[in-house]
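Asker: Here the protein sequences come in this chain order: A and B. The letter at position 33 of the first sequence is residue 132 when you use our numbering, and the numbering goes up by one with no holes. The letter at position 128 of the second sequence is residue 227 when you use our numbering, and the numbering goes up by one with no holes.
2 protein chains.
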Amino acid sequence: MAKSLSDLHCSVARSLDVIGERWTMLVLRDAFNGLTKFEEFAESLPIARNILAARLKTLVDHGVLEREQYQERPPRYAYHLTKKGADLYPVLIALFNWGDEYLAGSDGPPVLLAHHECDHSAARPESVVVCTGCGEHLAPRDVRRTYRRPRARTR
Amino acid sequence: MAKSLSDLHCSVARSLDVIGERWTMLVLRDAFNGLTKFEEFAESLPIARNILAARLKTLVDHGVLEREQYQERPPRYAYHLTKKGADLYPVLIALFNWGDEYLAGSDGPPVLLAHHECDHSAARPESVVVCTGCGEHLAPRDVRRTYRRPRARTR
Numbered sequence: 100m101a102k103s104l105s106d107l108h109c110s111v112a113r114s115l116d117v118i119g120e121r122w123t124m125l126v127l128r129d130a131f132n133g134l135t136k137f138e139e140f141a142e143s144l145p146i147a148r149n150i151l152a153a154r155l156k157t158l159v160d161h162g163v164l165e166r167e168q169y170q171e172r173p174p175r176y177a178y179h180l181t182k183k184g185a186d187l188y189p190v191l192i193a194l195f196n197w198g199d200e201y202l203a204g205s206d207g208p209p210v211l212l213a214h215h216e217c218d219h220s221a222a223r224p225e226s227v228v229v230c231t232g233c234g235e236h237l238a239p240r241d242v243r244r245t246y247r248r249p250r251a252r253t254r
Numbered sequence: 100m101a102k103s104l105s106d107l108h109c110s111v112a113r114s115l116d117v118i119g120e121r122w123t124m125l126v127l128r129d130a131f132n133g134l135t136k137f138e139e140f141a142e143s144l145p146i147a148r149n150i151l152a153a154r155l156k157t158l159v160d161h162g163v164l165e166r167e168q169y170q171e172r173p174p175r176y177a178y179h180l181t182k183k184g185a186d187l188y189p190v191l192i193a194l195f196n197w198g199d200e201y202l203a204g205s206d207g208p209p210v211l212l213a214h215h216e217c218d219h220s221a222a223r224p225e226s227v228v229v230c231t232g233c234g235e236h237l238a239p240r241d242v243r244r245t246y247r248r249p250r251a252r253t254r
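#1: Provide the residue span of the alpha helix (DSSP H) that contains B:S143, from first to last.
#2: In its own chain, which residues sit with a C-beta less than 6 Å from the C-beta of B:E165, not counting the 5 before and 5 after it?
#3: Output, in chain order, the set of chain B residues within a Cβ distance shorter than 7 Å of A:F195.
#4: Helix, strand or coil, according to DSSP, for A:T181 in the structure here?
#5: Where does A:E225 land, buried or exposed, given buried means 16+ other C-beta within 10 angstroms?
#6: From the DSSP secondary-structure annotation, give me the bridge partner or partners of A:P224.
#7: Between A:L212 and A:G133, what straight-line distance do the alpha-carbon atoms span, to the nearest angstrom?
#8: Check whether the Cβ of B:F131 lies closer than 8 Å to any Cβ atom in chain A.
#9: Buried or exposed: which applies to A:P174, given that a residue is buried once 16 or more other Cβ atoms fall within 10 Å of its Cβ?
#10: Given A:H161, which residues of its chain have a CB within under 7 Å of its CB, disregarding the five upstream and five downstream residues?
#11: Can you tell me where the alpha helix (DSSP H) with A:R128 in it begins and where it stops?
#12: Who are B:E167's beta bridge partners in DSSP?
#13: Quick one: give me the first and last residue of the beta strand (DSSP E) that A:L187 is part of.
#14: At a Cβ threshold of 8 Å, is B:S226 touching chain A?
#15: Only counting the same chain, and skipping five residues up and downstream in sequence, which positions put a Cβ closer than 7 Å to that of A:S105?
#16: Taking Cβ positions, are A:L191 and B:V111 nearer each other than 8 Å?
#17: Does DSSP put B:L202 in a helix, a strand or coil?
#18: Is the beta carbon of B:E216 less than 8 Å from the beta carbon of A:D206?
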């Protein structure tokens, strides 16, 4: 019991160990929206500054964000998504899509996303599961799993 | 401060309010893997039974899982993904892909996924962000946002 997520033999659990803490995905949402400075994140998110600082530190420690000093006196830092961080875009958009679809309420989605270069007015960015071989859209029933170690328990 | 995620004017925050609790995505992982019974989830996940029961109740309350009684004495229940739950597949696979890519360690990914009907040996299911209009793969820079209410703060 009470094992760390990172100890589980599962890529989903290991991902959640890095980005699954409360507020972390909203820090990343803001980073994808172009925010970089501590004060910008603090303005955007309704959390205590020490919590924000802890979340940013975790993301820097795991190489999801990189920290850059942009002012010496007093020291000020900016945070930028690394390649590892930018590769979380499908997670973010999948959460975005699902919230739009099921949790938007009568006033509709809070934010509309659109593809700059696409002229279909109803088009939107969407996270979909595809096969990297044939490009087909996949449902869970289309996918088989192979466990690479003896699996008495999935933990 | 200390606002509920569901109060935020953001679909990502609202999604996390439903599925962002610790262990919830692993309950859903197991549901996608075909587990349905309480005892099966309890066997799979290294968490206390009361925590598991609370997570399952939250998911049922939000219509992500539906509960079905399959035995009367003693009462026993099975949990099945609803359409709303099944639509979380891109979130799960995105977390899976990212963990495989960045957190697998020297022994490689713990579980290999493959598309049943595809004969490319290196192919795998992948969550990607595409435009529903033109089908193009999208990066954050390809996407513009429109806020549907005056936005003094993103919260």
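Backbone N, C-alpha and C fix where the C-beta goes; we use that ideal spot for every residue, glycine too. The structure displayed is predicted, hence computed values, not measured ones.
Answerer: Based on what the coordinates show:
#1: F137 to S143
#2: H179 and T181
#3: S110 and V111
#4: coil
#5: buried
#6: B:C230
#7: 15 Å
#8: yes
#9: exposed
#10: V117
#11: T123 to F131
#12: B:A177
#13: Careful: A:L187 lies outside any beta strand (DSSP E) and carries neither H nor E.
#14: yes
#15: R113 and D116
#16: yes
#17: coil
#18: no
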